[in-house]
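First up is the structure itself, then whatever we jot down about it.
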Amino acid sequence: METEDDWMRPPPKLRYMKCNTVLNVPKAALDGTVALLRRVRQLESGVLWYGRRDQVGNCVVDYVVAPKQKMHWGNYLISTQALSQVVARLPEGSKPLAQIHSHPSTRVEHSNYDDRMIVTRRALSIVFPNYGHWTSPFPHGLGIHESQNDYWYLLDDATATQRVVITPAGNVKIEDFR
Ligand SMILES: [Zn+2]
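In structure tokens, the structure reads:
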């Protein structure tokens with residue numbers, strides 16, 4: 008069976024261009040995501056963040072959902088149908104803001120498999136290590152990726168801290184369809 012670690016990606020040809028917009032993530036959304044990833048024990052799983060994007064491009068997460076999916080120790084698969092079920096229930100104006108998934112180890116860079124599995128390039132892609140058993144200060148130990156120039160850049164911690172901000176308050180709905 009193909010697992011993610013089988014193929015390393017080539018390095019980017021162009022440099023990452025710093026982005027001035029911020030993805031705001033209520034602490035409840037981060038905690039809820041970790042809980043969803045851990046719940047399936049020793050399986051990779053995918054979680055999606057939805058919310059609002061303002062005219063400038065700053066975003067706020069207000070919905071965390073684990074779609075119906077196939078989960079294995081080394082990869083996961085959300086079908087087009089399962090994704091459509093989630094999208095059909097979204098409130099008007101809700102946008103996909105990040106695609107999250109877990110990895111079995113501390114390696115959190117995208118695999119080639121991940122590059123192919125992305126729902127939308129306008130959202131960030133965040134990889135959690137150790138099937139969601141992560142307790143470091145944000146964003147240390149996470150793989151936060153942004154798509155530019157047809158490449159998913161793994162952001163360093165300083166860049167990720169500016170791009171994704173954890174906020175203490177905020178209403179978040181959390182659902183699990185697995
Ligand atoms: Zn992956």
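Following the numbering used here, the numbering of the sequence shown begins with 8 at its first residue and continues without gaps. Beta carbons are placed, not taken as given, at the ideal position from N, Cα and C, and that holds for glycine.
- According to the DSSP assignment, L44 belongs to no beta strand (DSSP E) but to the alpha helix (DSSP H) extending over 34-46.
- Sequence-distant partners of H117 (beyond 5 residues in either direction) whose C-beta falls short of 8 Å from its own C-beta, in its chain, are R16, S132, V134, G150, H152, W159, L161.
- Straight across, the Cα-Cα distance linking W141 with L43 is about 12 Å.
- Between K102 and Y70, the gap from beta carbon to beta carbon reaches 8 Å or more.
- Residue burial annotation: Q49 is exposed, with fewer than 16 other C-beta atoms found within 10 angstroms of its C-beta.
- In summary, N156 is exposed, with fewer than 16 beta-carbon neighbours lying within 10 Å of its beta-carbon over all protein chains present.
- In this structure, the straight-line span from the alpha carbon of E99 to that of A165 is close to 34 Å.
- In summary, P18 is exposed, with fewer than 16 beta-carbon neighbours lying within 10 Å of its beta-carbon over all protein chains present.
- Judged by DSSP in its simplified three-state form, D164 adopts helix.
- For the options S91, K25, R46, E182, the alpha carbon positioned closest to that of S109 is the one of R46.
- Relative to the non-hydrogen atoms of ligand 1, the Cβ of Y120 comes within a distance shorter than 7 Å of at least one.
- The alpha-carbon of Y138 is positioned some 29 Å away from that of T28.
- When the Cα atoms are used, N65 and I107 turn out to be separated by approximately 19 Å.
- If the five residues before and after N178 are omitted, its C-beta is found closer than 7 Å to the C-beta atoms of D69, all from its own chain and listed in chain order.
- With fewer than 16 other Cβ atoms from the protein chains shown falling within 10 Å of its own Cβ, E182 counts as exposed.
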